[in-house]
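In what follows, a single structure is set out as structure tokens and then discussed.
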Amino acid sequence: MSDILRELLCVSERAANIARACRQQEALFQLLIEEKKEGEKNKKFTIDFKTLADVLVQEVIKQNMENKFPGLGNKVFGEESNEFTNDLGEKVILRLCPTEEETVQLLSKVLNGNKLASEALAKVVHQDVAYTDPTLDSIEINIPQDTLGIWVDPIDSTYQYIKGSADIKSNQGIFPSGLQCVTILIGVYDLQTGVPLMGVINQPFVSQDSNTLRWKGQCYWGLSYKGTNVYSLQSSVSKRNARAAPSQATRNTSADVESSHRFSAVISTSEKESIKAALTRICGDGIFRAAGAGYKSLCVVQGLVDIYIFSEDTTFKWDSCAAHAILRAMGGGMVDFKECLERNPEPGLDWPQLVYHVQNDGATGVDRWANKGGLIAYRSRKQLETFLSLLIQNLAPADPHV
Ligand code: 2IP
Ligand code: CA
């Protein structure tokens, strides 16, 4: 099996423990938010918050990978910068120290001397975790370490994480908002080709024990390397998944589509009206809104929906790489939405898969790593092709002669 993937699963679990620990101490959590610096802002929000948990999680992932695989720590890239300035104007570079005591010292600088908080955090950061998965143990694969880069989103859906709603009801298994939409995303890609090879999506808040109020999480992974395709199996796969893409659907009329509602899609709350209208024609009531780019991709992985579609440029490489690798292992992928529409390729030709190794020309700040043409995540190529032909038909202005 891949030692790297095994380690990524362990670090994602460690990261999930940190995310849960921070959430469970509300007073502490309030201390941890700091406004993002100009260049790091997600342009969608006027104010955006970077949490200490976010940075800490990213550093823990980096340091743990470096300890096990020297040299790999430098290849871990993410949204967060590890520079903090405390109330006294001191600049602190946040790192995971060799000992718990040293981490306490460093954290207390960021936390303006708050010893209790620093100790609690350092404890969970240094805690041992174990992760086992029999499917993973059976894989024999060796991927040369020096060909790999890693995208990390320490906490995706930061807004839902900060808000912390625990009582949101799901709609057919899909949570529109709330802590369930929070994910930790780790995606490994080939530095030369930009192809995603391994992915881990850790969902730290899946269910809460009503007595202890403790949260349980879940972890999903996938590996797709030189013809080996494996992914974690979860029991919660929805029945929707069982419905295969119809082979005749490309010849369907809009009316047929409306009555069959065979596609389902998850979308952002900020999706454009024109896209929503077309999707309504294709999916009927099978459209779901949900927070979090990572969570929406997870809904596709879990089979809760067929497609995650986003036409805007506000997702980034760290948002998509992990799920993309898992979907590839499942026989699906993630493509550039705009390029798909422009190229309108014949079935059988290659679709424009997202890649992870090159910056966007002329862009600055986080936009260098934006998925600038939007995205479509899918589980099977056949489904993507059928869906795209329906989308193109339904986006085009109605032809009065037809
Ligand atoms: C965000 C987060 C948002 C998402 C946005 C991401 O990442 O996942 O929820 O927007 O694209 O960049 P939406 O929910 O509309 O899809 P983060 O929370 O890490 O900033
Ligand atoms: Ca994100």
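So that you can map any letter, position 26 of the sequence shown is 26 in UniProt numbering, and since no number is skipped, the others follow by simple counting.
In this text, a Cβ means the ideal position worked out from N, Cα and C, and glycines have one as well.
query                                                                                                                                            : result
Do GLY292 and ligand 1 come close, with the Cβ less than 6 Å from some heavy atom?                                                               : yes
For SER165, which of helix, strand or coil comes out of DSSP?                                                                                    : coil
Which of the three DSSP states, helix, strand or coil, is assigned to GLY227?                                                                    : coil
Can you check DSSP and say which residues form a bridge with TRP215?                                                                             : GLN208
Let me make sure I understand the geometry here. Which of LEU56, TYR189, THR103 has the alpha-carbon closest to that of HIS324?                  : TYR189
In this structure, does DSSP put ALA370 in helix, strand or coil?                                                                                : strand
Could you confirm whether any beta carbon from chain B is found closer than 7 Å to the beta carbon of ASP350?                                    : Absence of chain B from the displayed structure is noted, only one protein chain being present.
Do THR314 and ligand 1 come close, with the Cβ less than 6 Å from some heavy atom?                                                               : yes
Would you mind sorting ALA130 into buried or exposed? The rule is 16 or more other CB atoms within 10 Å of its CB.                               : exposed
Compare the Cα-Cα distances from ASP361 to each of TRP351, ASP3, LYS372 and report the closest residue.                                          : LYS372
Below 8 Å on the Cβ atoms is my contact criterion, and I expect GLN326 with ILE186 to pass it. Report the Cβ-Cβ distance as a whole number of Å. : The question names Gln, yet the displayed sequence has Ile at residue 326. Contact doesn't hold; Cβ gap of about 11 Å is too wide.
Measuring only from the beta carbon, is THR386 closer than 6 Å to any heavy atom that is part of ligand 1?                                       : no
Suppose you measure from the CA of HIS261 to the CA of CYS283; what does that come to, to the nearest Å?                                         : Note on HIS261: pLDDT 47, under 50, position unreliable in the model; no value is reported.
In whole angstroms, give me the CA-to-CA distance for LYS290 and SER274.                                                                         : With the sequence shown as reference, residue 290 is identified as Ala, and Lys is not the correct amino acid for it. Computed Cα separation, rounded: 18 Å.
Kindly indicate the opening and closing residues of the alpha helix (DSSP H) around ARG381.                                                      : 381-395
Are there three or more Cβ pairs, one per stretch, closer than 8 Å when the region 101-113 is compared with the region 77-92?                    : yes
Suppose you measure from the CA of ASP48 to the CA of LYS68; what does that come to, to the nearest Å?                                           : Low per-residue confidence applies at ASP48: pLDDT is 35, beneath 50, and the placement is therefore not dependable enough to give any value.
DSSP has MET334 in a bridge; who is on the other side?                                                                                           : ALA377
Let me make sure I understand the geometry here. Which of ASP137, MET198, MET334, PHE205 has the alpha-carbon closest to that of GLY227?         : MET198
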